[in-house]
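Mapping of the sequence shown onto numbering that gives the first Met the number 0: position 27 corresponds to residue 26, and the numbering continues sequentially without gaps. Where is the CB? At the ideal position from N, CA and C, for every residue including glycine. Notes to accompany the following structure.
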Amino acid sequence: MFCDYTTTLDNPWEITDSIRRAQKLRDTFVPQLKHTLLYKNDPVFYLLKQQVYSWQGTCATHAEKAVAVFFNQYTAFNNPKDRSDYVVWAVLEPTEEVDEHGGKFFVPPSHYPHMWEEFDDANPEDLGCNELSV
């Protein structure tokens with residue numbers, strides 16, 4: 000359940016600030032065993048973190064395989080530079096902004112090119128944009 004919770008975080012790769020939520024889950028589902036989770040020197044919290052790390056590793060492995068399958072189906076992407084150029088185009092960088100308390104946060108792009116355009120992939124050697132599909 001803690002892994003499920005981490006997927007709802009703005010940054011599911013950073014779990015250090017979620018110990019209070021982990022404690023609430025533990026108290027709810029294992030009330031008969033009293034234990035206070037601690038950041039350091041706590042085998043129970045270490046087990047929780049290990050489960051999250053395993054999930055993260057699985058997620059990354061699946062993502063790598065999906066990207067490889069995508070690129071391998073088009074000979075237009077045989078060159079590493081072509082792959083790199085495509086990623087730069089398709090995966091825009093978020094902008095960093097500062098909130099009223101001086102805290103920094105990332106704002107995702109308002110659009111991604113691959114989401115708003117239709118592509119003609121009938122010829123895998125020549126992937127072309129047909130039109131905007133707004």
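ask   = In this structure, does DSSP put Thr7 in helix, strand or coil?
value = coil
query = Would you say the stretch 18 to 25 touches the stretch 40 to 53, given that touching needs at least three Cβ pairs under 8 angstroms?
reply = yes
query = Based on Cα-Cα distance, which residue from Ala67, Cys2, Asn10 and Tyr4 lies nearest to Val136?
reply = Here the chain comprises residues numbered 0 to 133, so residue 136 is not present and cannot be evaluated.
request  = In angstroms with no decimal places, state the Cα-to-Cα distance between Ala89 and Glu95.
outcome  = Rounded to whole angstroms, Ala89 to Glu95 spans 19 angstroms at the Cα level.
ask   = Given Ala21, which residues of its chain have a CB within under 6 angstroms of its CB, disregarding the five upstream and five downstream residues?
value = Phe1, Leu36 and Leu47
Which of helix, strand or coil DSSP assigns to Lys103 = strand
query = Since Thr57 is in the alpha helix (DSSP H), which residue starts that stretch and which ends it?
reply = It spans Pro42 to Asn71 - the alpha helix (DSSP H) in which Thr57 sits, taken as one unbroken run.
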